[in-house]
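Visitor: Just so we're aligned, residue 150 is where the sequence shown starts under the numbering used here, counting upward by one.
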Amino acid sequence: MMGPVQESQAAFFYEFSLEDHVPDDHLLRTIDRFVDLTGLRQHLAPFYSPTGRPSIDPELLIRMLLVGYVMGIRSERRLCDEVHLNLAYRWFCRLDLADPVPDHSTFSKNRHGRFRDSNLLRHVFETVVARCIAEGLVSGQRLAVDASLIEADTNRQNSTAKDEWEPDKIDPDDAPRAVREYLETLDDAAFGAATPVQPKFMSHCDPASQWTAARKGPAYFAYSANYMIDTDHAVILDVEATRSVRQAELGAMQTMIDRTSNVFGIQPQRMIADTAYGTGPLLEWLVEKRNIAPHIPVVDKSSRTDGTFERADFTYDAEGDVYICPGGKELKQSRRAFKTSRQTKPDKDGILRYRARKDDCDSCPFKAGCCPKAPQRKVTRSIHEPSRDIARNIAKTIDYAISCKLRKKVEMLFAHLKRILKLDRLRLRGPCGARDEFHLAATAQNLRKLAKLVAAPKPISKMA
Ligand code: SF4
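1. Would you mind listing the alpha helix (DSSP H) stretches within the region 528-558 that are 4+ residues and don't spill past its ends, in chain order?
2. Can you tell me the Cα-Cα spacing of A467 and E433, whole angstroms?
3. Three-state secondary structure (DSSP) at F196?
4. Whole angstroms are fine: how far does the CA of K450 sit from the CA of P207?
5. Going by other Cβ atoms of all chains shown within 10 Å of its Cβ, with 16 needed for buried, is E459 buried or exposed?
6. Taking the alpha helix (DSSP H) that H444 belongs to, which residues open and close that run?
7. Tell me the rounded alpha-carbon separation between A293 and Q306.
8. The ligand SF4 and L577: does the residue's C-beta get closer than 8 angstroms to at least one heavy atom of that ligand?
9. Alpha carbon to alpha carbon, what distance is there between P606 and A613?
10. Do you know how far the Cα of A342 is from the Cα of L335?
11. Please report the distance separating the alpha-carbon of S536 from that of L298.
12. May I ask you to verify whether the region 183-202 touches the region 242-257, counting CB pairs closer than 8 angstroms and requiring at least 3?
13. How should P249 be labelled, buried or exposed, when 16 other C-beta atoms within 10 angstroms of its C-beta is the threshold for buried?
14. Assuming F340 and T391 form a contact by the criterion Cβ under 8 angstroms, report the distance between their Cβ atoms to the nearest whole angstrom.
15. Counting Cβ pairs, one atom from each stretch, are 3 or more of them under 8 angstroms apart for the region 544-560 and the region 380-390?
16. Could you tell me whether any non-hydrogen atom of the ligand SF4 is closer than 8 angstroms to the CB of K522?
17. When we look at the beta-carbon of E389 and count the other beta-carbons within 10 Å, is it buried (16 or more) or exposed?
18. Under a criterion of Cβ closer than 6 angstroms to any non-hydrogen atom of the ligand SF4, which residues qualify, in chain order?
19. Could you check how far apart the C-beta atoms of P430 and H533 are, in whole angstroms? I think they sit under 8 angstroms.
20. If you count every other CB in all the chains shown that lies within 10 Å of the CB of D173, and 16 or more means buried, which is it?
21. Could you pull the DSSP bridge partners for A293 from this structure?
22. If you reduce the DSSP assignment to three classes, tell me which class Q191 lands in.
23. As a quick exercise: from V384, N411, L399, pick the residue whose alpha carbon is nearest that of R291.
24. Is DSSP giving N595 helix, strand or coil here?
25. Compare the beta carbon distance of V528 and E284 with 9 angstroms and say whether it is the shorter of the two.
26. Are Y218 and P580 touching if we call contact CB-CB under 9 angstroms?
27. Can you have a look at S224 and say buried or exposed, based on whether 16 or more other CB atoms are within 10 angstroms of its CB?
28. Once you ignore the five residues that flank C513 on each side, which residues in its own chain have a CB closer than 6 angstroms to its CB?
29. Are the beta-carbon atoms belonging to D181 and F274 less than 9 angstroms from one another?
30. CB-CB under 7 angstroms to S267, same chain, minus the five flanking residues each way: which ones, in chain order?
31. Measure the CB-CB distance between W360 and P348 and report whether it falls below 9 angstroms.
32. Using DSSP with H/G/I as helix, E/B as strand and the rest coil, what is E459?
33. In terms of residue numbering, what span does the alpha helix (DSSP H) encompassing R280 cover?
34. Which residue marks the beginning of the alpha helix (DSSP H) containing S410, and which one marks its end?
Take a look at the structure:
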């Protein structure tokens, strides 16, 4: 039987509970258990004036931002509309049906002001990491690090070639916020001071972003999102925004290891990363300064393609500080006879150079396969070679093969960040904007991880 035509009839009274209308398995209900913002007001209290008009509740703003990042809503205008219309979003933000939703401009005012001054987003991120640790999702033994390019919110046409870029002539009082942040971070190891090499082009509206063609496609302006994760459950332990250059990303790894140790007391046994992190100084820092086993491929440019002997064919004798060539001869740094024993030093580039005797090579039957175009053979050795050797020996173990698989977990988090959370292009400009976005995204990813891995307690009625 066909039912009657549905006509809307406004009722005088409604009995309506938002609590009843949000399903138990809704993503926001599952993560709400882990959102603890009780310390937020206390954290922010010094940044509010004791007089004046009462502000919008900062917890409401943070909850709205979390909705945006967890559900992949990138626009703050759209976020306000969605929270206004969506019952589950209202429930998560503790808004009743009739409560007004803050204007989108409220976010930028708070973000540029007291949120950044109080480092609030970092506080929220660390609160969620602490919860992950408390729930037993982090052992802290095997950590992995990687960086991913996130396109900056800037147009490639709106840029200047490096030869014509004159930062000295920028008036900070008359410059946009992102340009002022660029000037303030010129001496910051994660940004301006990461490398003296200037990029080919500088963006006018976000000069701290890096012109890069690292993806082997058309070049664009980008920032790097650096993640350090615990590989047990891929919980993000730390996040850092840097310029998209190798030096800044290596520095971010050191910053994140020390910060995680200071904040959470985590001392990893193993650090997993890709070849970009396999430089001599960084391996030495891990092995000698932090006593961490580097499960990292060594950057090694000693291989040869012309069929002649490689450095690996020469044996290093640590006691005599000489290399023994395949012909059984010694290669030394110096053949001068000193009256007292003298420690040989590396050249200015930090490389030790060992040479064979010309007479030995001239009469050697292997010369054509060793140094056909040079009078004698030369072998180089980094001052960080002992640490590089440790990393090479680790690379022969079964644990290293496992680490290579675990490394994929951090790459999967970046794929999730870009495809599900839709953070493939930044919406905010400047180093602080990138930092804010990466912290909120990492917080959202950790909350989703908690919701997925930690079972909800059963309601008392179901237990009985
Ligand atoms: S060419 Fe010189 S360095 Fe090479 S194997 Fe012969 S003696 Fe040794």
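From the three backbone atoms N, C-alpha and C, an ideal C-beta is built for every residue, glycine too. None of the values given here were measured: they were computed from a predicted structure.
Guide: So, from the data block:
1. 534-543, 547-555
2. 18 angstroms
3. helix
4. 53 angstroms
5. E459 sits exposed, since fewer than 16 C-beta atoms from the chains shown fall within 10 Å of its C-beta.
6. Element bounds for H444: not the alpha helix (DSSP H) but the beta strand (DSSP E), 442-444.
7. 36 angstroms
8. Between the ligand SF4 and the CB of L577, the shortest heavy atom gap is not smaller than 8 angstroms.
9. Residue confidence for A613 is low, a pLDDT of 45 falling below 50, so the modelled location carries little weight and cannot support an answer.
10. Distance between L335 and A342, taken at the CA atoms: about 6 angstroms.
11. For S536 and L298, the distance between alpha carbons rounds to 29 angstroms.
12. no
13. exposed
14. 7 angstroms
15. In short, these stretches touch, since the Cβ pair count reaches three.
16. no
17. buried
18. C474, P475, G476, K478, A505, D509, C510, C513, F515, K516, C519, C520, R526
19. 6 angstroms
20. D173 is exposed by the Cβ-count criterion.
21. Under the DSSP definition of a beta bridge, A293 partners with I378, I421.
22. helix
23. V384
24. Correct three-state label for N595: helix.
25. no
26. no
27. exposed
28. G476
29. no
30. H192, L193, F196
31. yes
32. Coil.
33. 269-283
34. 395-413
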